[in-house]
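J.: Those protein sequence lines, which keep their order, are chains A and B.
Position one of the first sequence corresponds to residue 183 (our numbering), numbered consecutively onward.
Position one of the second sequence corresponds to residue 378 (our numbering), numbered consecutively onward.
Heads up, the beta-carbon is just placed ideally off N, CA and C, and yes, glycines get one too.
Fair warning: this is a prediction, and the values are worked out from it, not measured in the lab.
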Amino acid sequence: MSLFVNIAEPDKTLPSIKNDKDRLSWLSSVDHKQIGIMYLLLSLFFFILGGLEAMIIRWQLAVPENDFVSADFYNQIFTMHGTTMIFLVLTPGLIGLGVYLIPLMIGANEMAFPRLNAFSFWVTCFGGLLLYFSFFAGGAPTAGWFSYAPLSEKPYSPTTGIDYYILGLLLTGIGSIGAALNFVVTVLTLRLPGIKLTMLPLFVWMTFINAFLILGAFPLLNAGLVMLLIDRQLDALFFLPSSGGSAILWQHFFWSFGHPEVYILILPAFGIISEVIPVFSRKPIYGYVFVAASTVAIALLSFGVWAHHMFAVGMTNTVNGFFAASSFLIGIPTGVKVINWIGTMYKGSIQLTVAMTFALVFLINFTIGGLSGVSFAIVPIDWQLTDSYYVVAHIHYVFLGGSAFSIFAGIYYWFPKFCGRHLSEKLGQWHLWLFVTGFNMTFLLQHILGILGMPRRINTYLDLPYFESLNMISTAGAFLMFAGVAVFLYNLIITMRSKPTATPDPWDGWTLEWATASPPPLKNFDTLPEVHSRRPLWDLKNPDNKDKRLN
Amino acid sequence: MNWETNNIHIIRELFVYFLVVATIILGLVIFFTIFYGWKYRRRPNAETPTQDHGSKRFEILMIGIAFTITSVFFVLTVNGMNQIQNIPDNPIPDIIITGHMWWWEAEYRTDSIITANEIHIPANKKVLVQFNSDDVIHSWWIPKLGRKMDLVPGYDNYMWLQADEGEYWGTCSEFCGAQHALMRIHIIADSEDDFKIWKSSQLKPPPATQNPLFETGKRLFQEKTCISCHSVNIHDKEPVIGPNLAHFASRKYFLSNIELNTTENLYAWIKNPPAVKPNTQMPFLALTDKEVNALVYYIKTLR
Chain A
183 MSLFVNIAEP DKTLPSIKND KDRLSWLSSV DHKQIGIMYL LLSLFFFILG
233 GLEAMIIRWQ LAVPENDFVS ADFYNQIFTM HGTTMIFLVL TPGLIGLGVY
283 LIPLMIGANE MAFPRLNAFS FWVTCFGGLL LYFSFFAGGA PTAGWFSYAP
333 LSEKPYSPTT GIDYYILGLL LTGIGSIGAA LNFVVTVLTL RLPGIKLTML
383 PLFVWMTFIN AFLILGAFPL LNAGLVMLLI DRQLDALFFL PSSGGSAILW
433 QHFFWSFGHP EVYILILPAF GIISEVIPVF SRKPIYGYVF VAASTVAIAL
483 LSFGVWAHHM FAVGMTNTVN GFFAASSFLI GIPTGVKVIN WIGTMYKGSI
533 QLTVAMTFAL VFLINFTIGG LSGVSFAIVP IDWQLTDSYY VVAHIHYVFL
583 GGSAFSIFAG IYYWFPKFCG RHLSEKLGQW HLWLFVTGFN MTFLLQHILG
633 ILGMPRRINT YLDLPYFESL NMISTAGAFL MFAGVAVFLY NLIITMRSKP
683 TATPDPWDGW TLEWATASPP PLKNFDTLPE VHSRRPLWDL KNPDNKDKRL
733 N
Chain B
378 MNWETNNIHI IRELFVYFLV VATIILGLVI FFTIFYGWKY RRRPNAETPT
428 QDHGSKRFEI LMIGIAFTIT SVFFVLTVNG MNQIQNIPDN PIPDIIITGH
478 MWWWEAEYRT DSIITANEIH IPANKKVLVQ FNSDDVIHSW WIPKLGRKMD
528 LVPGYDNYMW LQADEGEYWG TCSEFCGAQH ALMRIHIIAD SEDDFKIWKS
578 SQLKPPPATQ NPLFETGKRL FQEKTCISCH SVNIHDKEPV IGPNLAHFAS
628 RKYFLSNIEL NTTENLYAWI KNPPAVKPNT QMPFLALTDK EVNALVYYIK
678 TLR
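#1: If A:LEU222 sits next to A:GLY278, beta carbons under 8 Å apart, how far is it from one beta carbon to the other, in whole angstroms?
#2: Across which residues does DSSP place B:ASN534 in a beta bridge pair?
#3: Distance cutoff 8 Å, beta carbons only. Does A:THR371 sit that close to anything in chain B?
#4: Should A:ARG414 and A:ILE344 be called a contact, given that it needs their Cβ atoms to be closer than 8 Å?
#5: Using DSSP bridges, identify the partner residues of A:PRO637.
#6: Counting only runs of 4+ residues fully inside the region 639-664 of chain B, write out the alpha helix (DSSP H) ranges in chain order.
#7: Would you say B:SER577 faces chain A, with C-beta separation under 8 Å as the test?
#8: Consider the Cβ of B:CYS606: report whether some Cβ of chain A lies at a distance smaller than 8 Å.
#9: Hey, out of B:SER577, B:TRP481, B:ALA566, B:VAL529, whose CA is closest to B:ASP488's CA?
#10: Would B:TRP415 be called buried (16 or more neighbouring beta carbons within 10 Å of its own) or exposed?
#11: In chain order, what residues of the same chain have a beta carbon less than 6 Å from the beta carbon of B:VAL513, not counting five sequence neighbours either side?
#12: Identify, in the order they occur along the chain, each residue of the same chain with its Cβ nearer than 7 Å to the Cβ of A:GLY355, setting aside the five sequence neighbours on each side.
#13: Look at B:GLN556 and B:TRP479 and say whether their C-beta atoms are less than 8 Å apart.
#14: Determine, for A:LYS465, whether the minimum Cβ-Cβ distance to residues of chain B falls below 8 Å.
#15: Would DSSP call A:ILE714 helix, strand or coil?
#16: Using a Cβ-Cβ distance cut-off of 8 Å, determine whether A:MET262 contacts chain B.
#17: Distance, Cα to Cα, A:VAL245 vs A:ALA236?
#18: For B:LEU391, decide whether its Cβ has a neighbour in chain A, counting only Cβ atoms nearer than 8 Å.
#19: Quick check on A:PRO197: does DSSP put it in helix, strand or coil?
#20: So, under 8 Å CB-CB, B:PHE395 and A:ILE560 are touching, yes? Tell me the CB distance rounded to an integer number of Å.
#21: Among the residues of its own chain, which have a CB less than 7 Å from the CB of A:PRO332, if the five just before and after it don't count?
#22: So, does the CB of A:ILE344 fall closer than 8 Å to a CB anywhere in chain B?
#23: Since B:PRO499 is in the alpha helix (DSSP H), which residue starts that stretch and which ends it?
#24: How would you list, in chain order, the residues of chain A whose beta-carbon sits under 8 Å from the beta-carbon of B:PHE566?
#25: Taking its Cβ as the centre, do 16 or more other Cβ atoms sit within 10 Å of B:PRO651, making it buried, or is it exposed?
#26: In angstroms, rounded to a whole number, what distance separates the CA positions of A:GLY232 and B:TYR675?
#27: With DSSP run on the structure shown, which of helix, strand or coil describes B:ARG486?
#28: In or out: A:LEU209 buried (at least 16 other Cβ within 10 Å) or exposed?
#29: Hey, is the region 520-531 of chain B in contact with the region 499-510 of chain B, meaning 3+ C-beta pairs nearer than 8 Å?
#30: Hey, is A:LYS519's beta-carbon within less than 8 Å of any beta-carbon in chain B?
#31: What do you reckon, is the C-beta of B:LEU622 under 7 Å from a heavy atom of the ligand SAH?
#32: So what does DSSP say about B:TRP380, is it helix, strand or coil?
#33: Along the chain, where does the alpha helix (DSSP H) containing A:LEU422 start, and where does it finish?
#34: So, with DSSP's three-state summary, where would you put B:CYS553?
#35: Under 8 Å by Cβ, that's how I've got B:PRO520 and B:GLU569 pegged, so tell me the actual separation to the nearest angstrom.
#36: DSSP state of B:GLU542, grouped into three classes?
Below you can see the structure in the form of structure tokens.
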């Protein structure tokens with residue numbers, strides 16, 4: 183039995199200047215690793231912009247009746263903050279990790295469609311730039327990231343901001359669809375012989391399932407966006423009730439995309455956590471089948487929960503009851519995952535690297551976000567707390583405490599693979615604790631603000647009891663997060679200036695990306711071990727204690 | 378759970394149940410994460426731990442527990458929801474509240490009283506309110522009275538409102554444009570007698586005033602086209618571009634309850650509306666100080 187099999191290289195040379203070391207070669211690259219890194223840099227760039235917008239928001243809300251920025255500018259800023267973080271930070275960040283890692287983790291040398299890969303990236307990038315161009319074209323959109331009609335219609339939003347929002351999101355949406363298609367085909371066709379679908383690393387599995395969610399959800403958004411564009415530019419009346427349209431229709435379009443989108447931003451994050459926790463606990467993931475199957479359950483259910491965003495629009499109890507039930511159900515597979523991650527740690531040998539600590543902090547903070555999410559399935563509680571700061575707290579616990587923390591875990595974990603260098607663990611700890619402390623200061627108290635009656639999306643508030651002190655603490659927390667991000671950026675810069683010292687397999691990992699150099703050469707693999715289980719490198723390193731053979 | 382006084386009690390009770398269960402779950406997650414992280418931390422020369430791939434029985438047990446908890450909450454949810462939202466099939470509302478950018482119009486159907494922003498209701502009585510909107514989506518939320526209800530253009534929504542005697546504050550909770558933050562709700566729940574007094578005072582014409590300033594103000598109100606947006610007749614549904622100003626002087630606040638209804642505030646407002654409330658639909662009319670004075674005087678007589 184030979185331990186190594188040869189990897190077939192694509193027989194056609196792709197029109198790339200891959201071998202050219204000139205920086206301009208990035209522009210025309212179709213190499214999945216370069217594109218993955220460009221996705222991550224794009225995400226980082228917009229993360230800084232969105233973060234600065236968040237600082238403006240928190241500065242404005244630090245004290246009651248503040249006039250640091252005007253109402254109109256504030257509305258532009260909070261709209262851009264939400265839109266940026268969701269469509270231009272988390273989406274490309276998670277897609278970027280997938281683009282970089284999926285071929286490596288399944289033993290392939292490229293994505294299935296390298297040119298589509300480059301197209302997806304660039305169209306996402308241009309979409310983001312177009313959205314931001316609105317600032318120079320008469321003002322950014324001011325209708326919030328979900329841009330409810332009829333407020334987003336011409337009579338109520340006459341500037342071009344909403345048009346840029348529509349075009350920008352259409353482009354990034356097309357980019358996401360392209361990337362998703364690429365993931366599906368890559369995973370289905372380019373797996374190393376012997377890797378069955380049931381043997382995929384969980385990050386690959388979750389990104390694969392997630393790709394179907396993207397393929398199902400983004401067309402719904404794009405359809406809605408085009409209808410809104412037709413309304414605004416060609417005077418159609420889809421969403422204008424004064425002329426026979428429906429104000430609720432937009433909400434159905436948006437949330438039938440928007441709720442799967444929430445899972446689109448969390449499933450790959452679950453995948454990262456499912457890679458990081460086992461490696462640093464020196465144990466395989468607890469209950470692989472349950473973690474994998476619960477992903478499918480979440481994906482299916484996620485298309486049937488959207489109207490829980492709309493409990494307050496006045497639907498009947500029958501409709502509310504249906505969506506309450508599905509929203510309760512979707513909590514169960516999510517809970518299963520948390521239990522399995524903790525189960526993986528049980529009797530392990532836990533090494534608290536920055537990546538692992540981020541994963542553990544994720545566990546706790548994501549659980550807070552998950553639980554507050556379940557409270558919205560309790561319709562009367564939703565009636566009370568929807569559209570208040572309780573929701574603001576909830577989404578940040580899911581998107582920041584969930585998705586973003588896991589992306590940080592992934593960056594610290596895979597950075598040696600990406601760049602051949604280890605991020606400083608010491609600076610990483612500073613980044614982590616500043617960020618996590620600031621995060622909880624900012625958002626934990628916002629649950630209480632919501633319960634006290636502070637609605638979301640207000641640029642000013644009266645000096646009501648506790649409002650000032652809670653908001654002030656919240657703003658102080660934002661500054662700690664800001665400092666944490668500054669440390670992270672500093673860490674990135676000094677690490678990139680240091681000499682590459684990373685070994686191919688610094689964490690003693692088990693998946694195939696660790697079976698090549700750090701960073702991988704242009705052609706990812708020359709040879710690879712034969713794969714018979716979910717942890718090929720474990721089998722290689724422990725020939726007398728192999729995992730159960732699955733093929 | 379019984380309908381005792383109002384929605385908020387049902388919501389509070391459900392929230393307490395939720396909070397107890399959620400706290401226990403979160404406590405367990407925090408405990409095990411930290412405890413395992415500490416107890417199983419890697420020690421020098423640690424051996425590779427046993428490669429445990431999981432237990433089907435444990436997983437099924439956990440799913441069973443999760444399913445039981447959520448089922449209980451689902452039943453509680455449906456129960457609470459049906460108690461709060463039990464609107465008759467052909468609802469006949471007591472009050473019709475219409476959202477405008479950025480103020481609240483209230484119509485008392487049986488007495489055909491049209492007023493704005495300061496909304497009186499009889500205390501300790503179930504009042505059926507119909508909500509709709511004239512422009513974008515707004516949302517009605519008085520935290521102390523529970524449940525918010527969106528005001529959606531093109532749809533009528535209904536909600537029971539019930540309050541103990543007192544004043545209640547709230548704000549618009551669905552983002553509705555530039556002045557969303559300043560669209561405050563002010564409800565006054567009057568005792569039965571006080572409510573009757575309020576109603577009859579609204580139905581009476583304002584006390585007659587005879588002096589030149591009043592006459593000038595009244596004339597200016599017509600000439601400066603105030604009248605094309607504001608009515609001063611309590612029964613007028615039109616025009617509804619601005620609030621109906623009949624008995625305006627009887628209201629404690631104005632501008633969607635953000636300014637005290639004083640002569641100075643009113644003066645500043647009429648003199649230069651966009652300076653007080655940016656993006657307002659009320660135009661800057663370049664009135665002279667004298668004209669503003671007369672208008673303020675006139676409006677202040679509408680008691």
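T.: On the basis of the data shown:
#1: Confirmed, about 4 Å.
#2: For B:ASN534, which the question treats as bridged, DSSP gives the partners B:PHE508.
#3: Cβ-Cβ to chain B under 8 Å: no for A:THR371.
#4: The answer is yes: Cβ separation under 8 Å.
#5: DSSP, once it has assigned bridges, lists A:SER570 as partnering A:PRO637.
#6: 640-648, 650-653, all fully within the region 639-664 of chain B.
#7: By this cut-off, B:SER577 is not an interface position.
#8: B:CYS606 has a beta carbon lying at 8 Å or more from every beta carbon in chain A.
#9: Comparing Cα positions, the closest option is B:SER577.
#10: Under this definition B:TRP415 is an exposed residue.
#11: Excluding residues within five positions, the ones whose Cβ falls inside 6 Å are CYS553.
#12: Here the set comprises PHE400, LEU403, ASN404.
#13: B:GLN556 places its beta carbon less than 8 Å from that of B:TRP479.
#14: Yes, A:LYS465 lies at the interface with chain B (some Cβ there is under 8 Å from its Cβ).
#15: It is worth fixing the name first, because residue 714 of chain A is His in this sequence and not Ile. In the structure shown, A:HIS714 adopts coil according to DSSP, grouped into three states.
#16: Chain B contact via Cβ: absent.
#17: Between the alpha carbons of A:VAL245 and A:ALA236 lies a gap of roughly 15 Å.
#18: Taking Cβ atoms only, chain A reaches closer than 8 Å to B:LEU391, which makes this a yes.
#19: Only weak support exists for where A:PRO197 lies, its pLDDT of 48 falling under 50; the value from the coordinates is given anyway. Here A:PRO197 sits in coil by DSSP.
#20: Between B:PHE395 and A:ILE560, the beta carbon gap of about 6 Å places them in contact (Cβ cut-off 8 Å).
#21: Residues TYR338, PHE421, LEU422, PRO423, ALA429 of the same chain have their beta carbon placed closer than 7 Å to that of A:PRO332, with the five preceding and five following residues left out of the count.
#22: Not closer than 8 Å to any Cβ of chain B, the Cβ of A:ILE344 fails to qualify, so no.
#23: For B:PRO499, there is no enclosing alpha helix (DSSP H); the enclosing beta strand (DSSP E) covers residues 495-499.
#24: Note on identity: in this sequence residue 566 of chain B is Ala, with Phe being the wrong assignment. Ordered by position in chain A, no residue passes the 8 Å Cβ test against B:ALA566, which lies about 17 Å from the chain.
#25: With fewer than 16 other Cβ atoms from the protein chains shown falling within 10 Å of its own Cβ, B:PRO651 counts as exposed.
#26: Near 50 Å, if we compare the C-alpha coordinates of B:TYR675 and A:GLY232.
#27: Three-state result, B:ARG486: coil.
#28: Residue burial is scored here from C-beta neighbours: A:LEU209 has fewer than 16 other C-beta atoms within 10 angstroms and is therefore classed as exposed.
#29: Three or more Cβ pairs drawn from the region 520-531 of chain B and the region 499-510 of chain B lie within less than 8 Å of each other, which places the two stretches in contact.
#30: Chain B, which has no Cβ nearer than 8 Å to the Cβ of A:LYS519, makes this no.
#31: No copy of the ligand SAH occurs in the structure displayed, which carries no ligand at all.
#32: The predicted model places B:TRP380 with a pLDDT of 44, which falls under 50 and marks its position as unreliable, so this point remains unresolved.
#33: From DSSP, A:LEU422 is part of no alpha helix (DSSP H); its letter is neither H nor E.
#34: In the three-state DSSP reduction, B:CYS553 falls in the coil class, being neither helix nor strand.
#35: So it is not a contact: roughly 26 Å between Cβ atoms.
#36: In the structure shown, B:GLU542 falls within a coil segment according to DSSP collapsed to helix, strand and coil.
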